[in-house]
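Engineer: Here the sequence shown is numbered in the UniProt record's numbering, starting from 1 and rising by one per residue.
Positions of the beta carbon are idealized from the N, C-alpha and C atoms, including for glycine.
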Amino acid sequence: MSRSALNCAKYLNRPALVSPGRSLAVHQHHHAFSTTRSKQLMGMAGFTDNQLMVRDAVSQVCSEFPNTYWQERDQNGTDPKDFHAALAKGGWLGVALPESLGGSGLGISEATLMMQTIAESGAGMAGAQSIHANVYATQPLARFGSEEQLNTVPQIVSGDLRVCFGVTEPNSGLNTLGLATTAKKTSDGYSITGQKIWITCAQVASKMILLARTTPLEQVKKPSEGLSLFYIDLDRNQPGRLDLRKIKKMGSRAVDANEVFFDNYQIPESSLIGEEGKGFKMILHGMNAERCLLAGEALGLGYAALKKATDYARERVVFKSPIGANQGIAHPLADAYMKLEAAKLITYHAARLYDTSQTESVKQDEIGAAANSAKYLAAEAAFTACERAVLAHGGMGYAMEYDVERWFREALIPRIAPVSREMILNFISEKVLSLPRSY
Numbered sequence: 001m002s003r004s005a006l007n008c009a010k011y012l013n014r015p016a017l018v019s020p021g022r023s024l025a026v027h028q029h030h031h032a033f034s035t036t037r038s039k040q041l042m043g044m045a046g047f048t049d050n051q052l053m054v055r056d057a058v059s060q061v062c063s064e065f066p067n068t069y070w071q072e073r074d075q076n077g078t079d080p081k082d083f084h085a086a087l088a089k090g091g092w093l094g095v096a097l098p099e100s101l102g103g104s105g106l107g108i109s110e111a112t113l114m115m116q117t118i119a120e121s122g123a124g125m126a127g128a129q130s131i132h133a134n135v136y137a138t139q140p141l142a143r144f145g146s147e148e149q150l151n152t153v154p155q156i157v158s159g160d161l162r163v164c165f166g167v168t169e170p171n172s173g174l175n176t177l178g179l180a181t182t183a184k185k186t187s188d189g190y191s192i193t194g195q196k197i198w199i200t201c202a203q204v205a206s207k208m209i210l211l212a213r214t215t216p217l218e219q220v221k222k223p224s225e226g227l228s229l230f231y232i233d234l235d236r237n238q239p240g241r242l243d244l245r246k247i248k249k250m251g252s253r254a255v256d257a258n259e260v261f262f263d264n265y266q267i268p269e270s271s272l273i274g275e276e277g278k279g280f281k282m283i284l285h286g287m288n289a290e291r292c293l294l295a296g297e298a299l300g301l302g303y304a305a306l307k308k309a310t311d312y313a314r315e316r317v318v319f320k321s322p323i324g325a326n327q328g329i330a331h332p333l334a335d336a337y338m339k340l341e342a343a344k345l346i347t348y349h350a351a352r353l354y355d356t357s358q359t360e361s362v363k364q365d366e367i368g369a370a371a372n373s374a375k376y377l378a379a380e381a382a383f384t385a386c387e388r389a390v391l392a393h394g395g396m397g398y399a400m401e402y403d404v405e406r407w408f409r410e411a412l413i414p415r416i417a418p419v420s421r422e423m424i425l426n427f428i429s430e431k432v433l434s435l436p437r438s439y
């Protein structure tokens with residue numbers, strides 16, 4: 001059993017979590033969230049015992065990092081390295097990787113619940129994004145990587161290596177097939193030239209999963225052909241050939257986002273993942289997983305904001321009664337709760353489909369439809385919950401110390417990235433409803 005699996009097993013089997021003779025149904029209301037030490041808002045019916053214990057164990061790690069920790073990092077833009085290290089120590093960075101690679105051998109369902117728990121703890125999108133790529137970007141690497149490449153995965157799980165995902169470009173945007181970064185064959189490898197944008201954690205990463213075009217678009221039969229996936233070092237010692245520029249942004253400031261420039265950046269032939277020209281098919285495995293994870297993160301953000309708002313609505317007294325007694329406050333919060341609960345159902349349905357596809361015949365289009373629907377609905381539900389949490393706080397909702405303004409800023413992220421709401425609607429229209437393509 002791998003070290004990651006042993007660490008997770010240590011958490012999943014520890015007596016303090018579920019004592020002998022005590023049912024999970026009773027225990028499940030005592031998760032140690034940094035923002036939520038009383039009863040959680042999300043209904044937990046339908047989750048497996050292992051999933052409930054993953055949630056409990058991860059929440060215990062998160063409880064060591066209170067809201068003030070995340071407020072400070074949001075204001076200063078400093079990376080939460082100690083949080084990343086704490087999750088690595090517990091074996092959680094490899095939650096969805098096979099034990100043979102040092103992971104825990106759990107599924108995207110457990111990983112999604114882990115990411116939700118992190119966001120819900122008060123860490124928000126920033127806390128989740130600090131490990132986001134470690135969970136989903138490693139999926140194509142684990143499936144298609146060479147033995148040499150796979151030998152580095154245990155270092156990712158242990159936290160010694162950090163990985164970022166290099167796909168998005170400034171000129172192609174959501175048109176991934178139209179990306180312009182090229183990888184030209186050389187005598188001993190490839191030369192990379194091009195630009196990536198919105199690359200999370202590139203400042204602290206030593207590795208990148210990179211998608212680049214190895215065959216010009218005009219020379220392939222389908223636009224999806226001729227794209228190759230690489231696992232590269234981010235070597236800062238190639239002067240003038242690699243340039244990382246940090247982007248100043250509205251929210252989730254604890255994790256860096258970057259423009260990355262390559263100018264004849266040299267990589268060895270061994271950097272290629274799988275077969276040349278087949279990279280787009282490989283990243284689809286990571287994309288569907290990412291949509292599940294992001295949906296979970298959005299749910300966590302929404303539940304955290306809603307919990308904060310309902311606590312405030314019970315405690316804040318105006319005109320001799322709690323403001324939560326007013327339907328103008330209570331009904332919008334109740335509506336936000338129902339939206340979150342509905343989004344939760346499609347999110348974990350999508351994650352289960354993804355996990356089932358590992359052993360059963362499940363069409364990628366079916367997984368894609370569920371994963372995209374989950375991302376869309378969870379993002380909308382989270383935004384609604386965060387907006388209403390700010391409004392329920394009144395003027396104090398604008399104050400940093402109450403956290404809801406931070407979560408509201410972060411709630412825009414899952415509505416925009418990694419794919420817009422409009423493109424998801426296009427996808428569902430075309431792939432599910434068989435309507436004509438509109439773009």
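So, is T186 buried or exposed, given that buried needs 16 or more other C-beta atoms within 10 angstroms?
Structural biologist: That one is exposed.
Engineer: Near A379, what residues of its chain come up, given a Cβ to Cβ distance below 7 Å and the 5 sequence neighbours on each side ignored?
Structural biologist: Excluding positions up to five away in sequence, the list reads A298, P414, R415.
Engineer: On a CA-only basis, which of L211, L174, I247 is nearest C201? Give me that one, please.
Structural biologist: When only C-alpha atoms are compared, the closest one is I247.
Engineer: Give the secondary structure of I247 by DSSP, where H, G and I count as helix, E and B as strand, and everything else as coil.
Structural biologist: Correct three-state label for I247: coil.
Engineer: By the three-class DSSP mapping on this structure, what secondary structure does T186 have?
Structural biologist: Here T186 sits in coil by DSSP.
Engineer: State yes or no: is the C-beta of A254 within less than 9 Å of the C-beta of D82?
Structural biologist: It is not a contact, given that the beta carbons lie outside the stated cut-off.
Engineer: Output needed for H285: all residues of its chain with C-beta closer than 7 Å, excluding positions within five of it in sequence on either side, in chain order.
Structural biologist: The answer, listed in chain order, is Q139, P140, R143.
Engineer: Rounded to whole angstroms, what is the Cα-Cα separation between S104 and M282?
Structural biologist: Distance between the alpha carbons of S104 and M282: 22 Å.
Engineer: Can you find the residues in the same chain that come closer than 6 Å, C-beta to C-beta, to Q149, ignoring five residues on each side of it along the sequence?
Structural biologist: Taken in chain order, the residues that qualify are Y231.
Engineer: Output needed for A111: all residues of its chain with C-beta closer than 7 Å, excluding positions within five of it in sequence on either side, in chain order.
Structural biologist: Result list for A111: V95, A96, V135, L293, in chain order.
Engineer: Using a threshold of 9 Å, state whether the C-beta atoms of V153 and G145 are closer than that.
Structural biologist: It is a contact, given that the beta carbons lie within the stated cut-off.
Engineer: If distances are taken between C-alpha atoms only, which option among V419, M400, K363, V390 comes closest to residue 518?
Structural biologist: Coverage of the chain is limited to positions 1 through 439, which leaves residue 518 absent and any answer about it impossible.
Engineer: Throw me the rounded Cβ distance for the G300 and Q116 pair, which I believe falls under 8 Å.
Structural biologist: About 4 Å separates the two Cβ atoms, so the contact holds.
Engineer: Could you check where the alpha helix (DSSP H) with P239 kicks off and where it finishes?
Structural biologist: Taken as a continuous stretch (DSSP letters only), P239 belongs to no alpha helix (DSSP H), as it is neither H nor E.
Engineer: Mind checking P80: buried by the 16 CB within 10 Å criterion, or exposed?
Structural biologist: Buried, because 16 or more other Cβ atoms sit within 10 Å of the Cβ of P80.
Engineer: Using 8 Å as the threshold, is the region 304-312 in touch with the region 118-125, meaning 3 or more CB pairs across them?
Structural biologist: The region 304-312 vs the region 118-125: in contact.
Engineer: Using C-beta distances below 8 Å, list every residue in its chain close to V61, excluding the 5 sequence neighbours before and after it, in chain order.
Structural biologist: Counting only Cβ-Cβ distances below 8 Å, and skipping sequence neighbours, we find A86, L87, G90, W92.
Engineer: To the nearest angstrom, report how far apart H31 and T193 are at their CA atoms.
Structural biologist: Below a pLDDT of 50, predicted positions are generally treated as unreliable, and H31, at 35, falls in that range; the measurement from the model is reported next regardless. When rounded, the distance between both Cα atoms is 48 Å.
Engineer: Quick test of the definition: if touching needs 3 or more C-beta pairs under 8 Å, does the region 256-264 touch the region 310-328?
Structural biologist: Cβ pair count under 8 Å is below three, so no.
Engineer: Within a Cβ cutoff of 7 Å, which residues of the same chain sit near M396, ignoring the five residues on either side of it in sequence?
Structural biologist: Only Y402 meet the Cβ criterion.
Engineer: May I ask which residues mark the beginning and end of the beta strand (DSSP E) holding G166?
Structural biologist: G166 -> beta strand (DSSP E) spans 163-166.
Engineer: Just the C-alpha distance for V432 and G274, rounded to the nearest angstrom, thanks.
Structural biologist: Straight-line Cα distance between these residues: approximately 30 Å.
Engineer: To the nearest angstrom, how far is it from the Cα of L242 to the Cα of R236?
Structural biologist: For L242 and R236, the distance between alpha carbons rounds to 7 Å.
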